[in-house]
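One structure below.
Protein chains in written order, with this note's numbering: chain A, 1 to 136; chain B, 1001 to 1141.
Given below as structure tokens:
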């Protein structure tokens, strides 16, 4: 795979809803490490992982849209990032079954209002809800 | 007319409409200083990529506003220049959005005015100027 840089988010949608004026999208895939070691061992001799989970955080300035969202709302979280070099393909990233777990609305006296939306992904079939591909 | 030209024209119109300056010009026309005079000088135009919309850029237009005053005594001329600067900045901030052309953006307010700075003092004439910044959004080239 050719190394490419990406930098501009061109669209973020949650279900059928566009999340306007996106500043950043962060996806976090994690699992808790479970360490095991023998009685005489100083360090862990094996590391196993708990069930993996994927969470996402989206920061937008379109606070009016964020105000309308309800916790527990579910849908696909999709966004596209543009390549840094012209002539290359954009990348579309999808987090299927994203469940809205938190909405933080920040209204500032001297800065633009912003909303931070947090999601956790659910997979009804147990498959990886994360998918990324070149945009068509 | 480009957004830059339209904003400069709006600034000029605001100075003329306030009724405190006998002459208000784009660029320093020089000449007569027996009457209160204001001039606008374009300094620069900076473009920043918007951090929340890939299709637009944010623009900062920098302009220097200079007022020219004259009085018999230098101290009187200086006070008059300070007064004219204050009147000019009030006139320019009456509509900070410049008729909808400018807007508050993360890089700055629609119209921002800097501190007054003394300029050339050629007795009995005196100059005082301040920086002005306008911010607007345009579609990326």
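Using N, Cα and C, we set each Cβ at its ideal position, and we do this for glycine too.
First and last residue of the uninterrupted alpha helix (DSSP H) at residue i
i, result
"residue 1095/B", "Residue 1095/B -> no alpha helix (DSSP H), and no H or E assigned at all."
"residue 63/A", "63 to 67"
"residue 1007/B", "1003 to 1017"
Member of the options whose CA lies at the smallest distance from the CA of residue i
i, options, result
"residue 1087/B", "1050/B, 1066/B, 1072/B", "1066/B"
"residue 1054/B", "46/A, 24/A, 34/A", "24/A"
"residue 1110/B", "1094/B, 1118/B, 1116/B", "1094/B"
"residue 136/A", "93/A, 20/A, 55/A", "93/A"
"residue 38/A", "46/A, 32/A, 129/A", "46/A"
"residue 1062/B", "1130/B, 1106/B, 1051/B", "1130/B"
"residue 1116/B", "1136/B, 1090/B, 1138/B", "1090/B"
"residue 1036/B", "1137/B, 1069/B, 1092/B", "1069/B"
"residue 50/A", "10/A, 35/A, 109/A", "35/A"
"residue 28/A", "127/A, 124/A, 119/A", "119/A"
"residue 1073/B", "1125/B, 1107/B, 1010/B", "1125/B"
"residue 1112/B", "1024/B, 1098/B, 1118/B", "1098/B"
"residue 6/A", "14/A, 100/A, 86/A, 123/A", "86/A"
"residue 1020/B", "1135/B, 1009/B, 1085/B, 1096/B", "1085/B"
"residue 33/A", "26/A, 44/A, 88/A", "44/A"
"residue 1064/B", "1083/B, 1039/B, 1015/B", "1039/B"
"residue 1132/B", "1043/B, 1071/B, 1075/B", "1043/B"
Proximal residues of chain B, C-beta to C-beta of residue i below 9 Å
i, result
"residue 212/A", "For chain A, the structure presents residues 1 to 136; residue 212/A sits outside this window and is missing."
Residue i: contacting residues in chain A (beta-carbon distance under 9 Å)
i, result
"residue 1106/B", "61, 111, 112"
Unbroken beta strand (DSSP E) run spanning residue i, endpoints
i, result
"residue 1043/B", "1037 to 1049"
"residue 120/A", "114 to 121"
"residue 71/A", "Unbroken run through residue 71/A: none, as it is neither H nor E."
"residue 46/A", "46 to 49"
"residue 1140/B", "Where residue 1140/B is concerned, there is no enclosing beta strand (DSSP E), given that its DSSP letter is neither H nor E."
"residue 1102/B", "That residue, residue 1102/B, is in no beta strand (DSSP E); it is neither H nor E in DSSP."
"residue 53/A", "53 to 60"
"residue 20/A", "Premise fails: residue 20/A is in no beta strand (DSSP E) and is neither H nor E."
"residue 92/A", "91 to 106"
"residue 36/A", "33 to 36"
"residue 1025/B", "1023 to 1026"
"residue 109/A", "Element bounds for residue 109/A: n/a, residue is neither H nor E."
"residue 1061/B", "1056 to 1070"
"residue 7/A", "6 to 14"
"residue 132/A", "130 to 134"
Contacts that residue i makes with chain B (C-beta to C-beta distance below 7 Å)
i, result
"residue 8/A", "1054"
Any C-beta of chain D under 9 Å from that of residue i
i, result
"residue 1081/B", "Protein chains A and B are contained in the structure displayed, whereas chain D is not."
**OP:** Please determine if the stretch 92 to 107 of chain A and the stretch 1092 to 1105 of chain B are in contact, where contact requires at least 3 C-beta pairs separated by less than 8 Å.
**Re:** The stretch 92 to 107 of chain A vs the stretch 1092 to 1105 of chain B: no contact.
Original post:
Taking a cut of 8 Å between CB atoms, which residues from the stretch 78 to 90 of chain A lie near chain B?
Top reply: Residues 82.
Original post:
Between the stretch 54 to 65 of chain A and the stretch 112 to 125 of chain A, do three or more beta carbon pairs fall short of 8 Å?
Top reply: These segments touch.
**OP:** Below 7 Å between beta carbons is the criterion; list the residues of the stretch 1030 to 1054 of chain B that meet it against any residue of chain A, in chain order.
**Re:** Here the close residues are 1051, 1052, 1053, 1054.
Subject >> Three-pair Cβ contact test at 8 Å for the stretch 1072 to 1080 of chain B versus the stretch 1055 to 1062 of chain B >> reply: Between the stretch 1072 to 1080 of chain B and the stretch 1055 to 1062 of chain B, the count of C-beta pairs closer than 8 Å stays below three; the two stretches do not touch.
Original post:
Just by C-beta distance, which residues in the stretch 21 to 40 of chain A are closer than 9 Å to chain B?
Top reply: Those residues of the stretch 21 to 40 of chain A placed with their C-beta closer than 9 Å to a C-beta in chain B are 21, 22, 23, 24, ordered along the chain.
**OP:** Check whether the stretch 1043 to 1052 of chain B touches the stretch 18 to 33 of chain A, counting contact only when three or more Cβ pairs, one atom from each stretch, lie closer than 8 Å.
**Re:** Taking one beta carbon from each stretch, the stretch 1043 to 1052 of chain B and the stretch 18 to 33 of chain A have 3 or more pairs nearer than 8 Å; the two touch.
**OP:** Specify whether the stretch 86 to 100 of chain A and the stretch 122 to 129 of chain A touch according to this definition: at least 3 beta carbon pairs, one from each stretch, less than 8 Å apart.
**Re:** Yes: the two stretches touch, three or more of their Cβ pairs being nearer than 8 Å.
**OP:** Determine, using beta-carbon pairs with one atom in the stretch 1005 to 1016 of chain B and one in the stretch 75 to 91 of chain A, whether at least three such pairs fall under 8 Å.
**Re:** Touching, no.
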